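Engineer:
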Amino acid sequence: MFEGLSNRLGQVFDRLRRRGALSAADVDEAMREVRIALLEADVALPVVKDFISQVKAKAVGQEVFRSVTPGQMVVKIVRDALVEMLGMENRGLALNAPSPVAILMVGLQGSGKTTTSAKIGLRLKTRERRKILMASLDIYRPAAQEQLAILGRQTDLATLPVIPGQTPVEIARRAMDEGHRSGFDVVILDTAGRLHIDQALMSEVAEVRDAVSPVEILLVADA
Ligand SMILES: Nc1nc2c(ncn2[C@@H]2O[C@H](COP(=O)(O)OP(=O)(O)OP(=O)(O)O)[C@@H](O)[C@H]2O)c(=O)[nH]1
Ligand SMILES: [Mg+2]
Numbered sequence: 000m001f002e003g004l005s006n007r008l009g010q011v012f013d014r015l016r017r018r019g020a021l022s023a024a025d026v027d028e029a030m031r032e033v034r035i036a037l038l039e040a041d042v043a044l045p046v047v048k049d050f051i052s053q054v055k056a057k058a059v060g061q062e063v064f065r066s067v068t069p070g071q072m073v074v075k076i077v078r079d080a081l082v083e084m085l086g087m088e089n090r091g092l093a094l095n096a097p098s099p100v101a102i103l104m105v106g107l108q109g110s111g112k113t114t115t116s117a118k119i120g121l122r123l124k125t126r127e128r129r130k131i132l133m134a135s136l137d138i139y140r141p142a143a144q145e146q147l148a149i150l151g152r153q154t155d156l157a158t159l160p161v162i163p164g165q166t167p168v169e170i171a172r173r174a175m176d177e178g179h180r181s182g183f184d185v186v187i188l189d190t191a192g193r194l195h196i197d198q199a200l201m202s203e204v205a206e207v208r209d210a211v212s213p214v215e216i217l218l219v220a221d222a
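Each step along the sequence shown adds one to the number in numbering that gives the first Met the number 0, with nothing skipped, and position 173 is 172.
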């Protein structure tokens, strides 16, 4: 996901850095390329627009054209804005709510949701001594629920027993009930992979969210 974006931005940055003097048109041209790079990396249009206008405002404010190395300066402004947009600091997981708290894992097919569910579960168990229950809401891909059960056995984490025929919302509710009953601190809900344009699956995951009010919804993406 980030590879294509880094390559494209790298090219734009290289060209800017090589330039001695920059005109306003050069900066506009570079911004157009940054905009295309972001759009091609599937960044949402409103986010891109906002980003570009922020960067332009900063570039004007910092009098890029009068600086000795205008190219470097534009690169720095874009870089800083990217860091700010992606988040300046690592917040950690917000688990300080009455147990059990739900963590909802979402993302595209094959992005690593199930694997990451087990990794996070193991980490919370060993580092923070939390009692973890994992549940697979993936009723679509064959053996998806079994995959989580195997990871549970490998990491010595509890998984919700599979009851065939239940919907994802029913499984999520049952997981939270089991969390209450058996004193789990954290319930990790691993969902099926989906595309944001798949309306049925998107409203399904929204229904799950509304049913369990997760403290964290984690998007798992290929880095
Ligand atoms: N290299 C690498 N591979 C990973 C990582 N996480 C998961 N994988 C692999 O990527 C593949 C898919 O991982 P899953 O955890 O099943 O992904 P998923 O998002 O649950 O997939 P679906 O449920 O089918 O949408 C598996 O072969 C994993 O072993 C990772 O951090 N690094
Ligand atoms: Mg999965």
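We treat Cβ as the ideally placed atom computed from N, Cα and C, and that holds for glycine.
Being a predicted model, the structure only gives us computed values, none of them experimental.
In terms of residues, what are the limits of the alpha helix (DSSP H) holding Ser228?
Structural biologist: In the structure as shown, the chain begins at 0 and stops at 222. Residue 228 is therefore absent and cannot be evaluated.
Engineer: What are the start and end residues of the beta strand (DSSP E) that includes Val105?
Structural biologist: Val100 to Val105
Engineer: Taking 8 Å as the line, does the beta carbon of Gly120 fall inside it for any heavy atom of ligand 2?
Structural biologist: no
Engineer: If I measure Cβ to Cβ from Phe183 and keep anything under 8 Å in the same chain, skipping five residues before and after, which residues do I get?
Structural biologist: Ser98, Pro99, Lys130, Ile131, Leu132, Ala157 and Glu177
Engineer: Is there at least one non-hydrogen atom of ligand 2 closer than 8 Å to the beta-carbon of Asp189?
Structural biologist: For Asp189, the shortest C-beta to heavy atom distance toward ligand 2 is below 8 Å.
Engineer: Kindly examine ligand 1 and report whether one of its heavy atoms sits closer than 8 Å to the Cβ of Asp79.
Structural biologist: Distance from the C-beta of Asp79 to the nearest heavy atom of ligand 1 is not below 8 Å.
Engineer: Which of the three DSSP states is assigned to Ala205 in this structure?
Structural biologist: helix
Engineer: Taking only heavy atoms of ligand 1 into account, decide whether any of them is closer than 8 Å to the Cβ of Leu107.
Structural biologist: yes
Engineer: Would you kindly check if the distance between the Cβ of Ala36 and the Cβ of Arg14 is under 9 Å?
Structural biologist: no
Engineer: Comparing the CB of Arg16 with every heavy atom of ligand 1, is any distance shorter than 8 Å?
Structural biologist: no
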